[in-house]
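Peer 1: Dropping the structure in here first, questions after.
Number of protein chains: 2
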Amino acid sequence: MALATAETTTTLDFGPAVALSCRECGTRYDLGPTFACIECFGPLEVAYTWDGPDAGRTSPVTREQIASGPTNIWRYRGLLPVPVDVASKPNLAPGWTKLVKADNLARELGIRSLHVKDDSGNPTHSFKDRVVAIALEAARNFGFHTLSCSSTGNLAGAVGAAAARAGLDSCVFIPSNLEEAKITMASVYGGRLVGIEGTYDEVNRFCSELIGDPLGDKWGFVNVNLRPYYGEGSKTLAYEIAEQLGWRIPDQIIVPVASGSQLTKIDKGFKELIKLGLVDDKPYKIFGAQAEGCSPVSAAYKAGLDIVQPVKPDTIAKSLAIGNPADGPYVLDIARRTGGAVEDVTDAEVVKAIQLLARTEGIFAETAGGVTVGVLRKLVENGLVDPEAETVVLNTGDGLKTLDAVSAEARPTAVIRPSLDAFRTAVADNS
Amino acid sequence: MALATAETTTTLDFGPAVALSCRECGTRYDLGPTFACIECFGPLEVAYTWDGPDAGRTSPVTREQIASGPTNIWRYRGLLPVPVDVASKPNLAPGWTKLVKADNLARELGIRSLHVKDDSGNPTHSFKDRVVAIALEAARNFGFHTLSCSSTGNLAGAVGAAAARAGLDSCVFIPSNLEEAKITMASVYGGRLVGIEGTYDEVNRFCSELIGDPLGDKWGFVNVNLRPYYGEGSKTLAYEIAEQLGWRIPDQIIVPVASGSQLTKIDKGFKELIKLGLVDDKPYKIFGAQAEGCSPVSAAYKAGLDIVQPVKPDTIAKSLAIGNPADGPYVLDIARRTGGAVEDVTDAEVVKAIQLLARTEGIFAETAGGVTVGVLRKLVENGLVDPEAETVVLNTGDGLKTLDAVSAEARPTAVIRPSLDAFRTAVADNS
Chain A
197 MALATAETTT TLDFGPAVAL SCRECGTRYD LGPTFACIEC FGPLEVAYTW
247 DGPDAGRTSP VTREQIASGP TNIWRYRGLL PVPVDVASKP NLAPGWTKLV
297 KADNLARELG IRSLHVKDDS GNPTHSFKDR VVAIALEAAR NFGFHTLSCS
347 STGNLAGAVG AAAARAGLDS CVFIPSNLEE AKITMASVYG GRLVGIEGTY
397 DEVNRFCSEL IGDPLGDKWG FVNVNLRPYY GEGSKTLAYE IAEQLGWRIP
447 DQIIVPVASG SQLTKIDKGF KELIKLGLVD DKPYKIFGAQ AEGCSPVSAA
497 YKAGLDIVQP VKPDTIAKSL AIGNPADGPY VLDIARRTGG AVEDVTDAEV
547 VKAIQLLART EGIFAETAGG VTVGVLRKLV ENGLVDPEAE TVVLNTGDGL
597 KTLDAVSAEA RPTAVIRPSL DAFRTAVADN S
Chain B
197 MALATAETTT TLDFGPAVAL SCRECGTRYD LGPTFACIEC FGPLEVAYTW
247 DGPDAGRTSP VTREQIASGP TNIWRYRGLL PVPVDVASKP NLAPGWTKLV
297 KADNLARELG IRSLHVKDDS GNPTHSFKDR VVAIALEAAR NFGFHTLSCS
347 STGNLAGAVG AAAARAGLDS CVFIPSNLEE AKITMASVYG GRLVGIEGTY
397 DEVNRFCSEL IGDPLGDKWG FVNVNLRPYY GEGSKTLAYE IAEQLGWRIP
447 DQIIVPVASG SQLTKIDKGF KELIKLGLVD DKPYKIFGAQ AEGCSPVSAA
497 YKAGLDIVQP VKPDTIAKSL AIGNPADGPY VLDIARRTGG AVEDVTDAEV
547 VKAIQLLART EGIFAETAGG VTVGVLRKLV ENGLVDPEAE TVVLNTGDGL
597 KTLDAVSAEA RPTAVIRPSL DAFRTAVADN S
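Protein sequence lines correspond, in order, to chains A and B. Its first residue numbered 197, the first sequence is counted upward by one per residue in this note's numbering. Its first residue numbered 197, the second sequence is counted upward by one per residue in this note's numbering.
Here is the structure:
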């Protein structure tokens, strides 16, 4: 499991990870900066000591060891492709975000037991800090000097911040017509930010070219050549939810679907916890949530198809606006296998759901959180979610990043002169 | 220690708090929704079982009990004016934010040991969640139905969110010419938001009138009639810093100064930890940080005065823009007594410091964080901070809330067509 780099022969340290394994055909590869199977072009994912038919089912870590770890994702380092001393290296230490008992929202939706897993509490205020933190360790392992990605917002900030703290260079690629606020966030960390005159798809294609060019030598593109490691970061959402519920998997969980990677890794995380005996085995249902303006997976689910027809996104939920989601077929498979579903809501429903969550629980979600809460409401109404079962809904980002979505609706109740009479007339009588 | 409310006789439960005490003359009052001494008009603060010359010095809680508590400010509930079951009530559970070991920033500033206490990780992304959480418990104790405040931004969001989750009404008063983004943040939680045609000072005066009027009956203004409780929330910054350093008070700490309350309560927190034997007794220096465009305390410090001359604020650090800071004289006293100082920096230095912190540690601070980091740099240069001593600098808010401060400086490195040739020409040759 050692790779030769250009300058030195380095022993890689990925903790309990032992190989990359093709999700389609199972072919195994040495741990390296690759992401697609050369046999069948299927996606590669990280395989661990406990994977495979012959592997033991003994957890490398106990609940007690995890609980005594740091209050971030590194408490699960024994279950992640990272070295055992990862917590002592400079990184953003994301995770251990709040699992909020949402009794007010549950009452409004007619659900008995509901929690919101609120990932807006991460260092750059989205779940992307989790996946970037794992990709960063892979970049260090492979001796890369530059962290990179294509992004439409959240990922750009997460990569820029992580690289700054780790002392790596960064170079982030975005469509040049991005909103000013996102450009500011993406560039404040001092790395290189390159606007590409083109769509997000064109940015992606450019990054793939760059990986094959000497210009991109020793560059880690977190969501391309480091994607197998990157994806593992989403498992920590499953681990945290289970631990925060008292080492129990919820009955139902609603997850946003962009590329679909996050949903598949949450399923992987729950399965690992069961396999390793860290939680009791039990059934759970995973529901996917999309915005109607970019709902290729929901459309395929409803049509009973196994493949996903690409679409051209048109929705305010820009962080979910991937028209050709790589993991779409796996999302369909997981939703059907677990007894879940994939559903979508309109932009108007997204805005109403953002407001509902803010008004009931004091959580200001980005549009992706409006999508999951809106879809939850719809799933209760159409009977696909059981209102008596223990339910978790994800908020993966922060409302401060998508202010425009609600600014037209969120206005002052009144504007008055500074006098009690004016207040009495304008507000008190209406309340 | 029981107060009669209009409807019922309620036994108040403020945990270890036993009275309000005048900071100037020491006169004691029953715990109630009052904030000024009727003898001398001095500010009232919360007194505990361990205060006073005759009180014992035994801590009501041990380090171990604290460490086994929740990962939020309620781990210190035994040292706060809150009931013992506070963690089970619906609130935002702020605190336990990261104390980031800032080796990169330390190197740039020429300091041996530096940590950043990063309060942007709080639920509404500023330290205001700490103070509002304590005020909320007071409001519940007093049977108030509405949470209120005057605010120019951070506090409005913190009050709106906390009230929403607690199931209280809220009514927040702001100057009507506030930035759109802050209006959105303040109103999204569904409470009443009232714009006042006037300055922040006029908003404040209006709130004071409202407290005396039947219209404001059973209203808790967190920063007026609940101020003694509210202020105690800032003690948790001192507790967390000491615990996160391994139960040790740092040698030097740099704190932003708006009203000055936060700085005085951090001093109070350190003194309590020493008195109760939770940390070893040792000297520490507290430094106050202001923006030059609103630096009345720094000006008084430099002039050797005990009183603070009010100013008209003109700075991008709007969350610190209080021209007549109520606790200014106490800040002067603490800075001089501990061997610290009060210093100020220009708006240009604030912007540079925001970028420095982002570039070195991946932390995107609001302007107030630029003020503290900028002042730290200045204090190293002028020799007032000892570069060999253990130093902590506060970031009290999030860069997403003050994007305008850096948006002109944070631009893409290049904008190119999606081709390797264009990239090679525009960027790679410059790197």
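A virtual CB, placed ideally from N, CA and C, is assigned to each residue, including glycine.
(1) Pull up the DSSP beta-bridge partners for histidine 311 of chain B, would you.
(2) I'd like to confirm the pairing. Which residues does DSSP put opposite threonine 342 of chain A in its beta bridges?
(3) Do you know how far the Cα of glutamine 261 of chain A is from the Cα of valine 640 of chain A?
(4) Consider the Cβ of glutamate 333 of chain A: report whether some Cβ of chain B lies at a distance smaller than 8 Å.
(5) So the alpha helix (DSSP H) arginine 423 of chain A belongs to, where does it begin and stop?
(6) State yes or no: is the beta carbon of glutamate 439 of chain A nearer than 8 Å to at least one beta carbon in chain B?
(7) With DSSP collapsed to three states, give me the class of phenylalanine 560 of chain A.
(8) Could you name the residues of chain B that glutamate 376 of chain A contacts, counting a contact when the two beta carbons are closer than 9 Å?
(9) Examine chain A for any beta-carbon lying closer than 8 Å to the beta-carbon of threonine 380 of chain B, and answer yes or no.
(10) Would you kindly check if the distance between the Cβ of lysine 285 of chain A and the Cβ of leucine 590 of chain A is under 8 Å?
(11) On the DSSP bridge assignment, give the partners of cysteine 490 of chain A in chain order.
(12) Could you check the C-alpha separation between serine 404 of chain A and phenylalanine 237 of chain A for me, to the nearest Å?
(13) With 8 Å as the C-beta to C-beta threshold (strictly closer), list the residues of the region 468 to 502 of chain A near chain B in chain order.
(14) Residues of chain B with a CB under 7 Å from the CB of tyrosine 435 of chain A: which are they?
(15) Which residues does DSSP pair with aspartate 247 of chain B in a beta bridge?
(16) Going by Cα to Cα distance, which pick from A:Asp543, A:Lys431, A:Ser344 is closest to alanine 485 of chain A?
(17) Just the chain A side, please: which residues come within less than 7 Å of lysine 294 of chain B by C-beta, in chain order?
(18) Tell me, please, which residues DSSP counts as bridged to tyrosine 225 of chain B.
(19) Which residue comes first and which comes last in the beta strand (DSSP E) that contains aspartate 540 of chain B?
(20) Please confirm if glutamine 448 of chain B has its CB atom under 8 Å from at least one CB of chain A.
(21) Step through the CB atoms of chain B and report whether any lies within less than 8 Å of the CB of valine 576 of chain A.
(22) I'd like the span of the beta strand (DSSP E) that includes isoleucine 512 of chain A, first residue to last.
(23) Assess, as a yes-or-no matter, whether the region 487 to 499 of chain A is touched by the region 512 to 528 of chain A under the definition of 3 or more beta carbon pairs within less than 8 Å.
(24) For the putative contact between proline 521 of chain B and valine 453 of chain B, defined by C-beta atoms under 8 Å, what is the C-beta separation to the nearest angstrom?
(25) Return the Cβ separation of lysine 297 of chain A and histidine 311 of chain A in integer angstroms, given the expectation that the two are a contact with Cβ distance under 8 Å.
(26) Below 8 Å on C-beta distance, what does valine 399 of chain A contact in chain B?
(27) According to DSSP, is arginine 388 of chain B part of a helix, a strand, or is it coil?
(28) Residue range of the alpha helix (DSSP H) that alanine 289 of chain A falls in?
(29) So the candidates are B:Tyr435, B:Pro277, B:Pro319, B:Ala215; which of them puts its Cα closest to the Cα of aspartate 594 of chain B?
(30) Based on the DSSP output, what are the partners of alanine 610 of chain B in its beta bridges?
(31) Just checking, does the region 266 to 283 of chain B make contact with the region 206 to 214 of chain B on the three C-beta pairs under 8 Å criterion?
(32) Shorter than 8 Å from the beta carbon of proline 286 of chain B to some beta carbon of chain A?
(33) With DSSP run on the structure shown, which of helix, strand or coil describes aspartate 594 of chain A?
(34) For valine 623 of chain A, which residues from the same chain have a beta carbon less than 7 Å from its beta carbon, with the 5 sequence-adjacent residues on both sides left out?
(35) I need the DSSP call for glutamine 448 of chain B, collapsed to helix, strand or coil.
(36) What separation, rounded to the nearest whole angstrom, lies between the Cα atoms of leucine 227 of chain A and glutamate 304 of chain A?
Peer 2: Taking the structure as given:
(1) Bridge pairing for histidine 311 of chain B: B:Lys297, B:Val588 [DSSP].
(2) A:Asp365, A:Trp415
(3) The structure shown does not extend to residue 640 of chain A, since chain A spans only 197 to 627, so no value can be given for it.
(4) Among the residues facing chain B, glutamate 333 of chain A is not included, as its CB has no counterpart in that chain under 8 Å away.
(5) From DSSP, the alpha helix (DSSP H) with arginine 423 of chain A extends over 423 to 428.
(6) Chain B has no Cβ within less than 8 Å of the Cβ of glutamate 439 of chain A.
(7) coil
(8) Leu599, Ser603
(9) yes
(10) no
(11) A:Ala487
(12) 15 Å
(13) Going along the region 468 to 502 of chain A in chain order, one finds no residue with a Cβ nearer than 8 Å to chain B.
(14) None at all; the shortest Cβ gap to chain B is about 16 Å.
(15) None; aspartate 247 of chain B has no bridge partner.
(16) A:Asp543
(17) Going along chain A in sequence order, the residues near lysine 294 of chain B (Cβ under 7 Å) are Ala289.
(18) B:Leu216
(19) 538 to 541
(20) no
(21) Using a CB distance cut-off of 8 Å, valine 576 of chain A does not count as an interface residue toward chain B.
(22) For isoleucine 512 of chain A, there is no enclosing beta strand (DSSP E), as DSSP marks it with neither H nor E.
(23) yes
(24) 7 Å
(25) 6 Å
(26) Pro614
(27) When secondary structure is reduced to three states using DSSP, arginine 388 of chain B falls in the strand class.
(28) Element bounds for alanine 289 of chain A: n/a, residue is neither H nor E.
(29) B:Pro319
(30) A:Val390
(31) yes
(32) By this cut-off, proline 286 of chain B is an interface position.
(33) strand
(34) If we look at valine 623 of chain A and ignore the five residues flanking it on each side, its Cβ neighbours are Thr609, Ala610.
(35) strand
(36) 48 Å
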